[in-house]
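Single-structure report; data block below.
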Amino acid sequence: MNLSRRVFLQALTLALLSSNCSKQRRFGDFDIEGLYSAQPFGNVRLLHFTDCHAQLLPVYYREPSNNLAAGERHGRAVPLGGQALLDYYRLKFGSPEAHAFTHLHFIELAEIYGKMGGFAHLATLIERIRGESGPGNTLLLDGGDSWQGSATALWTQGRDMVAACNLLGVDVMTGHWEFTYGSKRVLENLKQFNGEFAAQNIALTDAARFDSDDDNSCVFEPYVIKTLQHARVAVIGQAFPYTPIANPRRFIPDWQFGIQEYNLQGVIDRIKTDKTADVIVLLSHNGLDVDLKLASRVSGLDIILGGHTHDALPQPVLIDNSGGKTWVSNAGSHGKFLAVLDLDVGKGRLKGLNYRLLPVFSNLLPPDPKMQQLIEIVRNPYIDQLTRPLATADRLLYRRDRFHGTFDQLILDALLEVSGADIAMSPGFRWGNTLLPGQTITLEDVMNHTAITYPETYMRFLLGREIKAILEDVADNLFNRDPYYRQGGDMVRVGGLRFNCDPNEEIGRRISGLRMPNGKPLDSDKTYKVAGWAGVGEPSSGKPVWEVVVEYLEDKVKGERGRIF
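Next comes the structure, spelled out in structure tokens:
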């Protein structure tokens, strides 16, 4: 389907007029053409999305109000959130972009602008943008975390998303949560993937290499060269470097990861020496902080297209290094955005760049019929389970914030009540849709926050000082002064215990003021019953966490006559 510009804009206008977006009059008129169109620039177009977390349908997804960082910084424009972001990028309050990029007045603006993302709507936008640049001039790049995050992705082991990405026309991808299906499943899925998978920083372990007949230690191709009509583009893959630490090692026992800065420089130098590319791009799942430092230390990269930390940058950051300059961008998450990079390439080098991070408003973009049909085929066998009503939200339920999320609190409350524990812990995952007050909480919503391959709940008995040590360790992963030691994610969520955290302190001194709900301090020498889920060690024997949350919600509904959670 190749939509003309005129037909495309007419479809947008009709969709707008027939939707709740007519309420937008309170904030001024939409500039539809300005939102999704731009003046022609350059001769090569790169499209980038990342961290969609298997969300085939449009979602609400609230951006963080608190995105604190500490230590070494590269690029003063990040991290920003809320009003500070609007001020820095000169975005108008109440505009579509302001809603897409911030948490401000989320409920009111979500009711005006509607849900975002959805692969059928994303497909329409991609097809439109591809059509603008002409045949043979565009690459679609997927930064990873595409195969995980929903019930259907878990139940099909990522196969639903492979099919969707094939229909979307992904040319190159790298990964992270994809590896949690296990190395065997990853390789099987990649056989069905029409694009190419690249990761320069994954190699066989020494033991696996010893047992292999192949002297090559690379698990995947480190990079691919894509020849377009006007330029050759090298896309180097950079998978999440801390996968065996942040996720269970047992899923990928024969693969070793890392940032591999030295190896990366070697790959860049080889491409330059061989003169096989005019532009060199790193398709990264490092996280924004790591990418910014990497850009300052490695020379020869023109662009880093980043993911993992779900940061949505309205403009890229230009970083100086010994060999010149590198543009660093990050394209948000959950299918909310499509990054469009128009490159002016000539005489074997990148001469100029124009960048847009387009919000994907599902009320403004008509669904692509073929993708919509695929989504229905994927969902139909599970539709009764997915739409099973559990309760009604009595507040905004969201996950993404540095220290706290209301959907995470729901999970914690469920763990505490069902297990009878003193304290509950839940990982600081960034993925999961947002629900508005009054929305029905379905099983699909619960799975959107819990659908992993190691969902088992556990019970442990820990001393107070052990609990503090866990919190200190997680905080150091987030706030270490050296970005290379930050693993992404948000702070572990804790129920039944309050604490203070100072990101600028050293490890061992960041966490203070630990108190139980009765106001008593956490006793270092006392043993507490602690419930949790998603342990990265050996599997526990507890129920999957979604069963615990479902049990909790259904008990609440029964106890409160079907009112709300």
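To convert, note that position 97 of the sequence shown is 643 in my numbering; the numbers rise steadily by one, no gaps.
C-beta atoms are modelled at their ideal positions from N, C-alpha and C, and glycine is treated no differently.
Owing to the predicted nature of the structure, the values given are computational and were not obtained by experimental measurement.
Alpha helix (DSSP H) runs contained entirely in the stretch 1007 to 1064, provided each spans 4 or more residues: Segments of the alpha helix (DSSP H) lying fully in the stretch 1007 to 1064: 1010 to 1025.
Beta-carbon within less than 6 Å of residue 975's beta-carbon, same chain only, minus the 5 sequence neighbours each way: which residues are those? Indexing the sequence shown from 1 puts residue 975 at position 429. So no residue of the chain qualifies.
Proximity to residue 766 [Cα-Cα], best of 774, 948, 754 and 743: Indexing the sequence shown from 1 puts residue 766 at position 220. Taking only the C-alpha atoms, the option nearest residue 766 is 743.
CB-CB under 7 Å to residue 635, same chain, minus the five flanking residues each way: which ones, in chain order? As a first step, residue 635 is located in the sequence shown; it is residue number 89 there, counting from the start. Correct list, in chain order: 860 and 861.
Are the stretch 825 to 835 and the stretch 777 to 788 touching by the rule of at least three beta carbon pairs closer than 8 Å? yes
What is the DSSP secondary structure of residue 785, counted as helix, strand or coil? Position 239 of the sequence shown, counted from the first residue, corresponds to residue 785. Reduced to three states, the DSSP call for residue 785 is coil.
Is the CB-CB distance between residue 897 and residue 890 below 8 Å? Within the sequence shown, the letter at position 351 stands for residue 897. Within the sequence shown, the letter at position 344 stands for residue 890. Closer than 8 Å, so yes.
With which residues is residue 778 paired in a DSSP beta bridge? Looking up residue 778 in the sequence shown gives position 232. Bridge partners of residue 778: 773.
As assigned by DSSP and simplified to three states, the class of residue 1074: Mapped onto the sequence shown, residue 1074 falls at position 528. Strand, per DSSP.
Alpha carbon to alpha carbon, what distance is there between residue 912 and residue 680? As a first step, residue 680 must be located in the sequence shown, where it is residue number 134. As a first step, residue 912 must be located in the sequence shown, where it is residue number 366. Looking at the two C-alpha atoms, the distance is approximately 22 Å.
Which of helix, strand or coil does DSSP assign to residue 909? Against the sequence shown, residue 909 aligns to sequence position 363. Coil at residue 909, not helix or strand.
Local Cβ density within 10 Å of residue 695, reported as buried at 16 or more and exposed below that: Translated into positions along the sequence shown, residue 695 becomes position 149. With 16 or more other Cβ atoms within 10 Å, it is buried.
Cβ distance (whole Å) where residue 995 is taken to contact residue 945 below 8 Å: Counting from 1 along the sequence shown, the entry for residue 995 is found at position 449. Counting from 1 along the sequence shown, the entry for residue 945 is found at position 399. That pair is a contact at about 6 Å.
I think residue 810 touches residue 844, with their Cβ atoms under 8 Å apart; what is that distance to the nearest whole Å? Looking up residue 810 in the sequence shown gives position 264. Looking up residue 844 in the sequence shown gives position 298. Rounded to the nearest angstrom, the Cβ distance from residue 810 to residue 844 is 6 Å, consistent with a contact under 8 Å.
Can you give the Cα-Cα distance for residue 1055 and residue 1045, rounded to whole angstroms? Along the sequence shown, one-based indexing puts residue 1055 at 509. Along the sequence shown, one-based indexing puts residue 1045 at 499. Take the alpha-carbon of residue 1055 and the one of residue 1045: they are about 12 Å apart.
Hey, how far is the Cα of residue 1016 from the Cα of residue 894? Position 470 of the sequence shown, counted from the start, is the residue given in the question as residue 1016. Position 348 of the sequence shown, counted from the start, is the residue given in the question as residue 894. Their Cα atoms are separated by approximately 51 Å.
Determine whether the beta carbon atoms of residue 650 and residue 643 lie at a separation below 8 Å. Against the sequence shown, residue 650 aligns to sequence position 104. Against the sequence shown, residue 643 aligns to sequence position 97. For residue 650 and residue 643, no; Cβs fall outside 8 Å.
Closest to residue 949 by CA distance: which of 1080, 1040, 1030 and 601 is it? To locate residue 949, count along the sequence shown from 1; it is residue 403. Checked all of 1080, 1040, 1030 and 601; the closest Cα to residue 949 is 1040.
Same chain only: Cβ atoms within 7 Å of residue 667, ignoring 5 sequence neighbours per side: Within the sequence shown, the letter at position 121 stands for residue 667. Closer than 7 Å at Cβ, skipping near neighbours: 604, 906, 908, 911 and 913.
According to DSSP, simplified to helix, strand and coil, what is residue 1111? Within the sequence shown, residue 1111 is the residue found at index 565, counting from 1. Here the model assigns residue 1111 a pLDDT of 47, short of 50, so the residue's position is not dependable, and the following value carries that caveat. Coil, per DSSP.
Based on the DSSP secondary-structure assignment, which residues constitute the bridge partners of residue 719? The residue you call residue 719 lines up with position 173 of the sequence shown. Under the DSSP definition of a beta bridge, residue 719 partners with 688 and 743.
Have a look at residue 776 and residue 764 and give me their C-alpha separation to the nearest angstrom. Within the sequence shown, residue 776 is the residue found at index 230, counting from 1. Within the sequence shown, residue 764 is the residue found at index 218, counting from 1. Their Cα atoms are separated by approximately 30 Å.
In this structure, does DSSP put residue 904 in helix, strand or coil? Stepping through the sequence shown from its first residue, residue 904 is reached at position 358. Note: residue 904 maps to strand in three-state DSSP.
Whole-angstrom distance between residue 840 and residue 762, CA atom to CA atom: Residue 762 sits at position 216 when you count from the first residue of the sequence shown. Residue 840 sits at position 294 when you count from the first residue of the sequence shown. Rounded to the nearest angstrom, the two C-alpha atoms are 26 Å apart.
Assigned secondary structure, residue 730 (DSSP; H/G/I helix, E/B strand, else coil): Numbered from its first residue, the sequence shown carries residue 730 at position 184. Secondary structure of residue 730 (DSSP, three-state): helix.
Straight-line Cα distance separating residue 957 from residue 1108: The residue you call residue 1108 lines up with position 562 of the sequence shown. The residue you call residue 957 lines up with position 411 of the sequence shown. The predicted position of residue 1108 is uncertain, since its pLDDT is 46 and thus under 50; a value taken from the coordinates is nonetheless stated next. Taking the straight line from one Cα to the other gives about 19 Å.
Apply the 10 Å Cβ neighbour rule to residue 870 and answer buried if 16 or more other Cβ atoms are within range, or exposed otherwise. Here the question's residue 870 lines up with position 324 in the sequence shown. When all chains shown are included, residue 870 counts as exposed.
For residue 960, which residues from the same chain have a beta carbon less than 7 Å from its beta carbon, with the 5 sequence-adjacent residues on both sides left out? Residue 960 sits at position 414 when you count from the first residue of the sequence shown. Only 1094, 1095 and 1098 meet the Cβ criterion.
Using the Cβ count rule (16 or more neighbours within 10 Å means buried), how would you classify residue 1013? As a first step, residue 1013 must be located in the sequence shown, where it is residue number 467. Buried: at least 16 other Cβ atoms inside 10 Å.
Taking all protein chains shown into account, decide if residue 1050 is buried (16 or more other Cβ within 10 angstroms of its Cβ) or exposed. Locating residue 1050 in the sequence shown gives position 504, counting from the first residue. Answer is exposed; the Cβ neighbour count stays below 16.
Indicate whether the contact test is met: 3 or more Cβ pairs, each with one atom in the stretch 850 to 857 and one in the stretch 791 to 801, closer than 8 Å. no
Taking the straight line between their C-alpha atoms, what separation do you get for residue 1023 and residue 847? Residue numbering aside, residue 1023 sits at position 477 when the sequence shown is read from its first letter. Residue numbering aside, residue 847 sits at position 301 when the sequence shown is read from its first letter. Residue 1023 and residue 847: Cα-Cα distance of roughly 27 Å.
Rounded separation between residue 814 and residue 740 - CA only: For this step, residue 814 is matched to residue 268 along the sequence shown. For this step, residue 740 is matched to residue 194 along the sequence shown. Rounded to whole angstroms, residue 814 to residue 740 spans 25 Å at the Cα level.
Under three-state DSSP, which class holds residue 569? Walking along the sequence shown from the start, residue 569 turns up at place 23. Bear in mind that a pLDDT of 47 at residue 569, under 50, signals an unreliable position, so the model cannot answer this.
Spatially closest choice to residue 985 from 833, 940, 1025 and 849, by CA coordinates: Counting from one through the sequence shown, the residue named residue 985 turns up at place 439. Measuring from the Cα of residue 985, the nearest candidate turns out to be 940.
Of the residues 706, 699, 646 and 639, the one placed nearest residue 919, counting alpha carbons only: As a position in the sequence shown, residue 919 is number 373, starting the count at 1. Comparing Cα-Cα distances from residue 919 to each of 706, 699, 646 and 639, the minimum goes to 706.
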